[in-house]
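Here is the structure we will look at, set down as structure tokens.
Residue numbers (the numbering used here): 122 to 423.
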């Protein structure tokens, strides 16, 4: 009897999930055909019935589109705020109207400066309870949101610039403190054979370092790439080049001077690269190592 009840509940739950997915698909079709009232009514019905986490965000997204199309600005703004809080990095695709993108941009500019300190506090709490994997991911999220163009101007000023410095340091500490995965169980000893000579295993190749010549690779984006000020005297502008290798976590793995600017300044510039951070380069969405050449110029003080 109990087994029958459990099976019935599972079947009913699966039926609700299928109906919700069908209703969401119907709402999308209605929105595409400009039947905004009918699409919104369908979405509200799906919302009231409850949806799977994978569909809940899409339901709220299309509710925003419908509300904006119907001119219900206040309700749309409230719905956008909920989406931005749920995913601060979400932005509508370029396929939606400029009006929709502008509405999201306005809300993100207003909310992100308040969301960033909240994200930092959560990451710091994870660090304090020694959950270093969650802390590293949290601090990475803080740095990614700080690099968002919507807050670029504010991110360069206190208090957000101070949070960037703290998040960078704690992210590095968290990443270093993550315990290594357990070693795999030792394989059983191989049975010795006398009929075949053993073949030595090929040595593992080091990870490839990509460059700008690899057109399939998305280049790294600078989160922090500050060069030190030059305090000496110059008679004319001096230009040089610095080469860095950025690893899969967005840290500078190695740096060297490709073209000297000034003997003293070269050393200071190399020291500064230890604190640089990037969103790593990616190949088909997977982070990869990348060699980047950076032009360095210092000018005479006036």
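For glycine and all other residues, C-beta sits at the position ideal for the given N, C-alpha and C.
From the options, residue whose alpha carbon lies closest to that of residue i
{"i": "residue 394", "options": "402, 210, 404 and 415", "result": "415"}
{"i": "residue 157", "options": "167, 179, 186 and 367", "result": "186"}
{"i": "residue 391", "options": "169, 402, 379 and 220", "result": "379"}
{"i": "residue 191", "options": "221, 207 and 397", "result": "221"}
{"i": "residue 506", "options": "212, 366, 409 and 261", "result": "Here the chain comprises residues numbered 122 to 423, so residue 506 is not present and cannot be evaluated."}
{"i": "residue 202", "options": "216, 408, 298 and 230", "result": "230"}
{"i": "residue 238", "options": "282, 148 and 171", "result": "282"}
{"i": "residue 234", "options": "165, 216 and 271", "result": "271"}
{"i": "residue 422", "options": "353, 215, 232 and 297", "result": "353"}
{"i": "residue 143", "options": "249, 166 and 216", "result": "166"}
{"i": "residue 183", "options": "199, 164 and 388", "result": "164"}
{"i": "residue 218", "options": "245, 189 and 243", "result": "189"}
First through last residue of the beta strand (DSSP E) which encompasses residue i
{"i": "residue 375", "result": "373-380"}
DSSP-derived helix/strand/coil call for residue i
{"i": "residue 399", "result": "strand"}
{"i": "residue 406", "result": "coil"}
{"i": "residue 345", "result": "strand"}
{"i": "residue 367", "result": "strand"}
{"i": "residue 422", "result": "coil"}
{"i": "residue 261", "result": "helix"}
{"i": "residue 209", "result": "coil"}
{"i": "residue 280", "result": "coil"}
{"i": "residue 204", "result": "helix"}
{"i": "residue 237", "result": "helix"}
{"i": "residue 169", "result": "helix"}
{"i": "residue 221", "result": "helix"}
{"i": "residue 249", "result": "helix"}
{"i": "residue 275", "result": "helix"}
{"i": "residue 285", "result": "helix"}
{"i": "residue 356", "result": "coil"}
{"i": "residue 188", "result": "helix"}
{"i": "residue 308", "result": "coil"}
{"i": "residue 478", "result": "This structure gives no information on residue 478, because the portion of the chain shown stretches from 122 to 423."}
{"i": "residue 302", "result": "coil"}
{"i": "residue 178", "result": "helix"}
{"i": "residue 129", "result": "Note that residue 129 scores 41 on pLDDT, short of 50, meaning its location in the model is unreliable; the coordinates nonetheless yield the value given after this. The answer is helix: DSSP assigns residue 129 an H, G or I state."}
Check whether residue i and residue j have beta carbons under 7 Å apart
{"i": "residue 82", "j": "residue 417", "result": "Because the chain spans 122 through 423 in this model, residue 82 falls outside it and cannot be assessed."}
{"i": "residue 241", "j": "residue 288", "result": "yes"}
{"i": "residue 402", "j": "residue 308", "result": "no"}
{"i": "residue 343", "j": "residue 399", "result": "yes"}
{"i": "residue 351", "j": "residue 386", "result": "yes"}
{"i": "residue 362", "j": "residue 419", "result": "no"}
{"i": "residue 299", "j": "residue 254", "result": "yes"}
{"i": "residue 291", "j": "residue 260", "result": "yes"}
{"i": "residue 176", "j": "residue 145", "result": "yes"}
{"i": "residue 408", "j": "residue 369", "result": "yes"}
{"i": "residue 364", "j": "residue 377", "result": "yes"}
{"i": "residue 256", "j": "residue 267", "result": "no"}
{"i": "residue 179", "j": "residue 160", "result": "no"}
Opposing strand residues paired with residue i [DSSP bridges]
{"i": "residue 416", "result": "362"}
{"i": "residue 339", "result": "403"}
{"i": "residue 330", "result": "410"}
Endpoints, the alpha helix (DSSP H) within which residue i is located
{"i": "residue 393", "result": "384-393"}
Distance cut-off 6 Å: residue i Cβ against heavy atoms of the ligand PLP
{"i": "residue 229", "result": "The ligand PLP is not part of this structure, which contains no ligands at all."}
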